[in-house]
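Inspection log for the structure reproduced underneath, given as structure tokens.
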Amino acid sequence: MARIPGGAVRLHDPRLSLRWQAQLEPFELGVFAVTQEQLAELLGETAANPRRPATGVSWLRAVRTCNAASEWEGLEPAYTLDGEDVTWHVDADGYRLPTEAEWEHACRAGSTGAHYGPLGEIAWTSADGLTAPKDVGGRLPNLHGLFDTLGNTWEWCWDLLDPARRGDDRVLRGGGFADDVQSVRASTRRGARPRVGQHDVGFRFARGGFDGADAAQGWSAAVDAERASAGR
Numbered sequence: 105m106a107r108i109p110g111g112a113v114r115l116h117d118p119r120l121s122l123r124w125q126a127q128l129e130p131f132e133l134g135v136f137a138v139t140q141e142q143l144a145e146l147l148g149e150t151a152a153n154p155r156r157p158a159t160g161v162s163w164l165r166a167v168r169t170c171n172a173a174s175e176w177e178g179l180e181p182a183y184t185l186d187g188e189d190v191t192w193h194v195d196a197d198g199y200r201l202p203t204e205a206e207w208e209h210a211c212r213a214g215s216t217g218a219h220y221g222p223l224g225e226i227a228w229t230s231a232d233g234l235t236a237p238k239d240v241g242g243r244l245p246n247l248h249g250l251f252d253t254l255g256n257t258w259e260w261c262w263d264l265l266d267p268a269r270r271g272d273d274r275v276l277r278g279g280g281f282a283d284d285v286q287s288v289r290a291s292t293r294r295g296a297r298p299r300v301g302q303h304d305v306g307f308r309f310a311r312g313g314f315d316g317a318d319a320a321q322g323w324s325a326a327v328d329a330e331r332a333s334a335g336r
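In this note's numbering, the protein residues as written are 105 to 336.
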């Protein structure tokens, strides 16, 4: 895990003509995406490609994996699950998914452009002609020491994408090995159903507990509810 300093981050969704800013406290984020080896260890299985990112993992399974990792290390689980309803206990010290504000802040590492370095040196994209993700850490990290936040695999975030129009779709960030360079950008956001895994989607552990009941790090349950009701 890398320690990410707090600060302000501006986010943008041109499709929805939205711009917003989040003020973040310090938090921790995995240096690498969760690997097949890490996932297999938690599940008591064998990994076919140990150093590749764990893909095909749905958002719901990623949440459960975060809880399993917390229990493995004796930390307080960040999530409570009731069927497919998930509650984030923002004061918990266990592993969790990053908010999308945390993800973008960590990815940018102080940079303001689309990428934190030359794309061919920091990210695996369609330009490399791959048919599957590469092992983690094969390209240069950003200034926080994080590898593959751009390219290789998309990564799940905690947040809802657009509850008014897309229901319970959760945010994906970063772009993947099959995406063209226009999609592999620090600001690009897309979403997917939380119960569906995809071959180019993985996730990264975050940690950090915060004061409050239903809001933290650029996310708010009240804002989610307001956005959802706006589409009715």
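Glycine residues also receive a C-beta, built at the ideal position from the N, C-alpha and C atoms.
Treat the numbers as computed from the prediction; the structure is a model and nothing was measured.
From the DSSP output, read off the bridge partner residues of residue i.
i: H116; result: R123
i: I108; result: F131
i: W258; result: V305
i: D186; result: D189
i: T139; result: P157
i: G295; result: V275
Ordered along the chain, which non-local residues of its own chain (more than five positions away) have a Cβ less than 7 Å from that of residue i?
i: T203; result: C261, W262, D263, Q321, G322 and W323
i: A268; result: R331, A332, A334 and G335
i: L128; result: G110, G111, V113, A205, E206, H209, Q321 and G322
i: V328; result: According to the sequence provided, residue 328 is Asp. The question's Val does not apply to it. Contacts found: L264 and P267.
In chain order, what residues of the same chain have a beta carbon less than 6 Å from the beta carbon of residue i, not counting five sequence neighbours either side?
i: F47; result: Within the shown structure, residues of the chain are numbered from 105 to 336, placing residue 47 beyond reach of any answer.
i: T253; result: C211 and G278
Just how far apart, CA to CA, sit residue i and residue j?
i: Q136; j: R212; result: The amino acid occupying residue 136 in the given sequence is Phe; Gln does not appear at that position. Going by the C-alpha atoms only, they are around 15 Å apart.
i: N246; j: G271; result: 33 Å
i: G178; j: S121; result: 43 Å
i: G198; j: G249; result: 22 Å
i: D239; j: R155; result: 5 Å
i: R123; j: S291; result: 11 Å
Under 8 Å by Cβ, that's how I've got residue i and residue j pegged, so tell me the actual separation to the nearest angstrom.
i: L244; j: W258; result: In fact, because the Cβ distance is near 20 Å, the residues do not count as touching under 8 Å.
i: H219; j: R289; result: 7 Å
i: W163; j: R274; result: 5 Å
Only counting the same chain, and skipping five residues up and downstream in sequence, which positions put a Cβ closer than 8 Å to that of residue i?
i: P130; result: R107, I108, P109, G110 and G312
For the segment 304-320 against the segment 155-175, are there 3 or more C-beta pairs whose distance is under 8 Å? yes
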